[in-house]
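Mapping of the sequence shown onto UniProt numbering: residues 1 to 268, in sequence order.
Backbone N, C-alpha and C define an ideal beta-carbon position, used for all residues, glycine too.
Please read these numbers as outputs of a predicted model, since none were measured by experiment.
Step one of this worksheet: look at the structure below.
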Amino acid sequence: MQTIGERLEEARKRKGISIREAAEATKIRGDYLHKYENNQFDIKLPEIYVRGFLRTYATYLKLSGDKIINDYHALGLGDAAKNGRAINREVYGRMDISVATAKAGNVGEAPSAAAAAMTPGADVVPNDKNPATFRPRAPGGLNLDPNLILKGSALVCGVIVLVLLLIWGIGALTGPKADKIPWVQPQAGERALGIVATANTELVSVTDSSGTVLYRGPVKAGETKLIPWNQALVLTTQTPQNIQIDHRGNRFPLKDVTTPMRAPKPNE
(Lines of atoms letter the chains of each structure in order from A; the text may use other names.)
(Lines give C-alpha, C1' and ligand atoms only; values in the text may rest on other atoms or scores of the structure.)
Protein backbone atom coordinates (compact mmCIF):
# COMPACT_ATOMS: atom_id res chain seq x y z
CA MET A 1 0.00 0.00 0.00
CA GLN A 2 1.26 3.48 -0.86
CA THR A 3 2.26 5.90 1.86
CA ILE A 4 0.86 9.42 2.07
CA GLY A 5 4.07 10.82 0.65
CA GLU A 6 4.03 8.42 -2.30
CA ARG A 7 0.45 9.36 -3.13
CA LEU A 8 1.28 13.06 -2.97
CA GLU A 9 4.35 12.66 -5.16
CA GLU A 10 2.47 10.50 -7.67
CA ALA A 11 -0.38 13.01 -7.87
CA ARG A 12 2.04 15.91 -8.36
CA LYS A 13 3.90 14.11 -11.15
CA ARG A 14 0.59 13.18 -12.73
CA LYS A 15 -0.29 16.87 -12.67
CA GLY A 16 3.05 17.57 -14.41
CA ILE A 17 4.38 20.22 -12.02
CA SER A 18 7.46 20.61 -9.85
CA ILE A 19 7.56 21.14 -6.10
CA ARG A 20 8.55 24.75 -6.72
CA GLU A 21 5.49 25.32 -8.91
CA ALA A 22 3.27 23.65 -6.33
CA ALA A 23 4.75 25.85 -3.60
CA GLU A 24 4.03 28.99 -5.62
CA ALA A 25 0.47 27.88 -6.31
CA THR A 26 -0.37 26.89 -2.71
CA LYS A 27 1.78 29.55 -1.00
CA ILE A 28 3.31 26.77 1.14
CA ARG A 29 7.09 26.57 1.46
CA GLY A 30 8.71 24.09 -0.87
CA ASP A 31 10.74 22.41 1.89
CA TYR A 32 7.48 21.57 3.71
CA LEU A 33 6.03 19.99 0.55
CA HIS A 34 9.26 18.09 -0.02
CA LYS A 35 9.05 16.65 3.51
CA TYR A 36 5.42 15.67 3.00
CA GLU A 37 6.33 13.73 -0.14
CA ASN A 38 9.07 11.98 1.83
CA ASN A 39 6.51 11.02 4.48
CA GLN A 40 8.08 13.41 7.01
CA PHE A 41 5.60 15.56 8.92
CA ASP A 42 7.80 17.09 11.61
CA ILE A 43 8.12 20.62 10.18
CA LYS A 44 8.40 22.33 13.58
CA LEU A 45 5.05 24.08 13.34
CA PRO A 46 1.90 23.79 15.46
CA GLU A 47 -0.11 20.67 14.64
CA ILE A 48 -3.04 22.67 13.27
CA TYR A 49 -0.75 24.13 10.56
CA VAL A 50 0.75 20.74 9.72
CA ARG A 51 -2.74 19.33 9.08
CA GLY A 52 -3.92 22.47 7.31
CA PHE A 53 -0.98 22.50 4.89
CA LEU A 54 -1.32 18.75 4.28
CA ARG A 55 -5.03 19.06 3.53
CA THR A 56 -4.48 22.05 1.22
CA TYR A 57 -1.68 20.30 -0.69
CA ALA A 58 -3.77 17.13 -1.12
CA THR A 59 -6.78 19.12 -2.35
CA TYR A 60 -4.57 21.04 -4.79
CA LEU A 61 -3.35 17.70 -6.21
CA LYS A 62 -6.99 16.54 -6.69
CA LEU A 63 -6.75 14.08 -3.77
CA SER A 64 -9.27 13.73 -0.96
CA GLY A 65 -8.14 16.03 1.84
CA ASP A 66 -10.26 14.15 4.42
CA LYS A 67 -8.82 10.81 3.31
CA ILE A 68 -5.24 12.09 3.59
CA ILE A 69 -5.89 13.55 7.06
CA ASN A 70 -7.51 10.31 8.26
CA ASP A 71 -4.50 8.33 7.03
CA TYR A 72 -2.23 10.88 8.71
CA HIS A 73 -3.94 10.22 12.06
CA ALA A 74 -3.96 6.49 11.39
CA LEU A 75 -0.16 6.60 11.40
CA GLY A 76 -0.27 7.68 15.04
CA LEU A 77 0.63 11.27 14.23
CA GLY A 78 -0.99 14.52 15.23
CA ASP A 79 -2.97 15.51 18.31
CA ALA A 80 -4.74 12.16 18.53
CA ALA A 81 -1.45 10.37 19.12
CA LYS A 82 -0.20 13.00 21.58
CA ASN A 83 -3.36 12.76 23.65
CA GLY A 84 -3.13 8.97 23.77
CA ARG A 85 -6.53 8.49 22.14
CA ALA A 86 -6.92 5.15 20.39
CA ILE A 87 -7.59 4.92 16.69
CA ASN A 88 -9.40 1.90 15.22
CA ARG A 89 -8.33 1.09 11.69
CA GLU A 90 -9.10 -1.75 9.30
CA VAL A 91 -7.61 -2.19 5.88
CA TYR A 92 -9.44 -3.90 3.03
CA GLY A 93 -7.24 -4.04 -0.06
CA ARG A 94 -6.45 -0.45 -1.03
CA MET A 95 -9.40 1.05 0.87
CA ASP A 96 -8.85 2.34 4.41
CA ILE A 97 -11.76 2.57 6.85
CA SER A 98 -10.69 4.65 9.82
CA VAL A 99 -12.82 5.29 12.87
CA ALA A 100 -11.26 7.77 15.24
CA THR A 101 -12.64 8.54 18.66
CA ALA A 102 -11.54 12.12 18.26
CA LYS A 103 -14.29 14.55 17.41
CA ALA A 104 -14.59 15.83 13.87
CA GLY A 105 -13.66 19.29 15.11
CA ASN A 106 -10.15 18.13 15.95
CA VAL A 107 -9.60 17.20 12.30
CA GLY A 108 -11.07 20.48 11.06
CA GLU A 109 -9.80 23.11 8.76
CA ALA A 110 -6.71 25.16 9.48
CA PRO A 111 -7.44 28.59 10.98
CA SER A 112 -8.43 31.41 8.72
CA ALA A 113 -4.96 32.96 9.01
CA ALA A 114 -3.35 29.80 7.64
CA ALA A 115 -6.01 29.51 4.92
CA ALA A 116 -5.39 33.11 3.87
CA ALA A 117 -1.65 32.43 3.74
CA MET A 118 -2.25 29.42 1.47
CA THR A 119 -4.75 31.09 -0.88
CA PRO A 120 -3.30 31.33 -4.43
CA GLY A 121 -2.40 34.92 -5.27
CA ALA A 122 -2.17 36.02 -1.67
CA ASP A 123 0.91 37.98 -0.67
CA VAL A 124 3.34 35.94 1.40
CA VAL A 125 4.84 37.95 4.23
CA PRO A 126 8.17 36.39 5.28
CA ASN A 127 7.88 36.88 9.01
CA ASP A 128 7.08 34.92 12.14
CA LYS A 129 3.33 35.64 11.82
CA ASN A 130 3.03 33.71 8.55
CA PRO A 131 3.43 29.96 9.23
CA ALA A 132 4.04 29.23 5.56
CA THR A 133 7.29 31.17 5.67
CA PHE A 134 8.16 30.74 9.34
CA ARG A 135 11.67 29.56 10.21
CA PRO A 136 12.29 28.58 13.84
CA ARG A 137 15.06 30.67 15.34
CA ALA A 138 17.98 29.26 17.21
CA PRO A 139 17.94 30.16 20.91
CA GLY A 140 19.99 33.19 21.87
CA GLY A 141 20.26 35.01 18.54
CA LEU A 142 18.90 35.81 15.11
CA ASN A 143 18.67 33.14 12.44
CA LEU A 144 20.61 34.84 9.64
CA ASP A 145 21.32 33.27 6.28
CA PRO A 146 25.14 33.01 5.84
CA ASN A 147 24.77 33.43 2.06
CA LEU A 148 22.83 36.65 2.59
CA ILE A 149 25.51 37.96 4.97
CA LEU A 150 28.24 37.10 2.43
CA LYS A 151 26.40 38.85 -0.41
CA GLY A 152 25.80 41.91 1.75
CA SER A 153 29.47 42.11 2.72
CA ALA A 154 30.55 41.82 -0.91
CA LEU A 155 28.12 44.59 -1.88
CA VAL A 156 29.44 46.92 0.83
CA CYS A 157 33.06 46.27 -0.20
CA GLY A 158 32.16 46.94 -3.83
CA VAL A 159 30.55 50.26 -2.95
CA ILE A 160 33.62 51.30 -0.91
CA VAL A 161 35.98 50.44 -3.78
CA LEU A 162 33.78 52.36 -6.23
CA VAL A 163 33.77 55.46 -4.00
CA LEU A 164 37.57 55.33 -3.65
CA LEU A 165 37.98 55.03 -7.42
CA LEU A 166 35.68 58.00 -7.98
CA ILE A 167 37.64 60.11 -5.50
CA TRP A 168 40.91 59.16 -7.17
CA GLY A 169 39.50 59.88 -10.64
CA ILE A 170 38.18 63.29 -9.63
CA GLY A 171 41.55 64.16 -8.12
CA ALA A 172 43.33 63.09 -11.29
CA LEU A 173 41.02 65.17 -13.49
CA THR A 174 41.23 68.39 -11.51
CA GLY A 175 44.27 69.34 -13.57
CA PRO A 176 47.99 69.62 -12.86
CA LYS A 177 49.10 71.25 -9.66
CA ALA A 178 50.48 74.76 -9.76
CA ASP A 179 54.02 73.74 -8.85
CA LYS A 180 54.13 71.24 -11.76
CA ILE A 181 52.85 73.60 -14.47
CA PRO A 182 55.68 74.45 -16.92
CA TRP A 183 56.10 78.23 -16.83
CA VAL A 184 59.19 80.20 -17.80
CA GLN A 185 58.75 83.61 -16.17
CA PRO A 186 60.55 86.71 -17.52
CA GLN A 187 63.50 88.13 -15.67
CA ALA A 188 63.51 91.66 -14.30
CA GLY A 189 63.63 94.18 -17.18
CA GLU A 190 63.07 91.46 -19.80
CA ARG A 191 60.54 92.10 -22.56
CA ALA A 192 57.31 90.19 -21.79
CA LEU A 193 53.77 89.55 -22.96
CA GLY A 194 50.78 88.99 -20.68
CA ILE A 195 48.30 86.14 -21.24
CA VAL A 196 45.01 87.48 -19.80
CA ALA A 197 41.90 85.30 -19.32
CA THR A 198 38.45 86.90 -19.49
CA ALA A 199 36.91 83.57 -18.42
CA ASN A 200 38.23 80.37 -16.90
CA THR A 201 40.34 78.57 -19.48
CA GLU A 202 41.41 74.98 -18.94
CA LEU A 203 44.53 74.97 -21.09
CA VAL A 204 46.77 77.58 -22.72
CA SER A 205 50.06 76.59 -24.36
CA VAL A 206 52.86 79.00 -25.36
CA THR A 207 56.00 77.75 -27.15
CA ASP A 208 58.93 79.58 -28.74
CA SER A 209 60.37 79.05 -32.21
CA SER A 210 62.52 76.14 -30.98
CA GLY A 211 59.51 74.32 -29.51
CA THR A 212 60.40 75.06 -25.89
CA VAL A 213 57.30 75.27 -23.70
CA LEU A 214 57.18 78.65 -21.98
CA TYR A 215 53.79 78.04 -20.39
CA ARG A 216 51.30 75.20 -20.44
CA GLY A 217 48.37 75.14 -18.02
CA PRO A 218 45.07 76.73 -16.99
CA VAL A 219 44.39 80.44 -16.65
CA LYS A 220 41.61 81.60 -14.34
CA ALA A 221 39.27 84.48 -15.17
CA GLY A 222 41.00 87.84 -14.53
CA GLU A 223 44.40 86.19 -14.13
CA THR A 224 47.51 87.25 -16.12
CA LYS A 225 50.47 85.01 -16.97
CA LEU A 226 53.65 86.89 -18.04
CA ILE A 227 55.72 85.19 -20.75
CA PRO A 228 59.20 86.33 -21.94
CA TRP A 229 58.99 87.68 -25.50
CA ASN A 230 62.44 87.53 -27.09
CA GLN A 231 61.58 85.58 -30.24
CA ALA A 232 58.62 84.33 -32.27
CA LEU A 233 55.97 82.55 -30.19
CA VAL A 234 53.03 80.23 -30.86
CA LEU A 235 50.00 80.45 -28.57
CA THR A 236 47.45 77.60 -28.61
CA THR A 237 44.10 77.31 -26.81
CA GLN A 238 40.77 75.64 -27.56
CA THR A 239 38.87 78.71 -26.32
CA PRO A 240 40.58 81.72 -27.96
CA GLN A 241 37.55 83.91 -27.20
CA ASN A 242 38.52 83.73 -23.50
CA ILE A 243 42.14 84.90 -23.98
CA GLN A 244 43.67 88.31 -24.67
CA ILE A 245 47.32 89.35 -25.21
CA ASP A 246 48.52 92.25 -23.06
CA HIS A 247 51.51 94.30 -24.23
CA ARG A 248 52.34 97.43 -22.27
CA GLY A 249 48.69 97.93 -21.26
CA ASN A 250 47.24 97.29 -24.70
CA ARG A 251 45.11 94.16 -25.06
CA PHE A 252 44.53 92.22 -28.26
CA PRO A 253 41.89 89.45 -28.43
CA LEU A 254 42.68 86.10 -29.99
CA LYS A 255 40.60 84.76 -32.86
CA ASP A 256 42.15 81.41 -33.74
CA VAL A 257 42.92 78.23 -31.82
CA THR A 258 46.58 78.57 -32.86
CA THR A 259 48.03 82.09 -33.01
CA PRO A 260 51.62 82.64 -34.26
CA MET A 261 53.30 85.77 -32.87
CA ARG A 262 56.27 87.37 -34.57
CA ALA A 263 59.53 88.18 -32.86
CA PRO A 264 59.58 91.61 -31.20
CA LYS A 265 61.20 94.60 -32.90
CA PRO A 266 64.06 96.29 -31.09
CA ASN A 267 61.96 99.29 -30.11
CA GLU A 268 58.99 97.23 -28.87
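Going by CA-CA distance only, name the one from Y215, Q238, T237, A221 that's closest to I227.
Checked all of Y215, Q238, T237, A221; the closest Cα to I227 is Y215.
Please confirm whether Q231 and A263 have their CB atoms less than 7 Å apart.
A contact, by the Cβ cut-off of 7 Å.
Going along the chain, which residues of its own chain have a beta-carbon closer than 7 Å to the beta-carbon of T201, five neighbours each way excluded?
Closer than 7 Å at Cβ, skipping near neighbours: P218, V219, T237, T239, N242, I243.
In whole angstroms, give me the CA-to-CA distance for L63 and I4.
Spanning the two alpha carbons is a distance of roughly 11 Å.
Going by DSSP, which residues form a beta bridge with H34?
The partner list for H34 (beta bridge, DSSP) is empty, contrary to what the question assumes.
State the DSSP-derived secondary structure class of K225, mapped to helix, strand or coil.
Note: K225 maps to strand in three-state DSSP.
Just the C-alpha distance for T207 and L150, rounded to the nearest angstrom, thanks.
Approximately 57 Å, taken between the alpha carbons.
Taking only three categories from DSSP, how would you classify S210?
Reduced to three states, the DSSP call for S210 is coil.
Span of the beta strand (DSSP E) holding V234?
Note, V234: beta strand (DSSP E), 233-237.
Between the beta-carbon of V213 and the beta-carbon of P260, is there less than 7 Å?
In this structure, P260 does not lie closer than 7 Å to V213 by Cβ.
Is there contact here, the segment 162-176 with the segment 191-201, by at least three beta-carbon pairs under 8 Å?
No, because fewer than three Cβ pairs between the segment 162-176 and the segment 191-201 fall closer than 8 Å, the two stretches do not touch.
For K13 and E37, I'd like the C-alpha separation in whole angstroms.
Rounded to whole angstroms, K13 to E37 spans 11 Å at the Cα level.
For L33 and I19, which I take to be in contact (beta-carbon distance under 8 Å), what is that distance rounded to the nearest angstrom?
About 5 Å; that satisfies the 8 Å criterion.
Quick check on I245: buried or exposed, where buried means 16 or more other Cβ atoms within 10 Å of its Cβ?
So I245 ends up on the buried side.
Let me check understanding here. Comparing Cα to Cα, which of I68, V204, G171, G158 lies closest to Q2?
Out of I68, V204, G171, G158, I68 has the C-alpha closest to the C-alpha of Q2.
What did DSSP end up calling P264 once you bin it into helix, strand or coil?
Residue state, collapsed to three classes: coil.
So, for L254: in the same chain, excluding its five sequence neighbours on each side, which residues have a beta-carbon less than 8 Å away from its beta-carbon?
Counting only Cβ-Cβ distances below 8 Å, and skipping sequence neighbours, we find L235, T237, P240, Q241, I243, Q244, I245.
Measure the CB-CB distance between A74 and G65 and report whether it falls below 7 Å.
For A74 and G65, no; Cβs fall outside 7 Å.
Work out the CA separation of A22 and K15 for me, nearest whole Å.
Spanning the two alpha carbons is a distance of roughly 10 Å.
Are L61 and A11 touching if we call contact CB-CB under 7 Å?
Cβ atoms of L61 and A11: closer than 7 Å.
Between which two residues does the beta strand (DSSP E) harbouring S192 extend?
A small correction: the amino acid at residue 192 is Ala; Ser does not occupy that position in the sequence shown. Note, A192: beta strand (DSSP E), 192-197.
Please report the distance separating the alpha-carbon of D145 from that of F53.
Taking the straight line joining both Cα atoms gives about 25 Å.
Would N267 be called buried (16 or more neighbouring beta carbons within 10 Å of its own) or exposed?
Exposed, by the Cβ-count rule.
Could you say which of R248, V161, K27, N70 lies nearest to E190 if we only look at CA atoms?
For the residues R248, V161, K27, N70, the minimum Cα distance to E190 belongs to R248.
Name the two residues that bound the continuous beta strand (DSSP E) containing I243.
Segment 243-247, the beta strand (DSSP E) holding I243.
Who are the near neighbours of P186 in its chain, counting only those whose CB is closer than 6 Å to its CB and skipping five residues on each side?
Closer than 6 Å at the Cβ level, and outside the excluded window around P186, lie A192, L226, P228.
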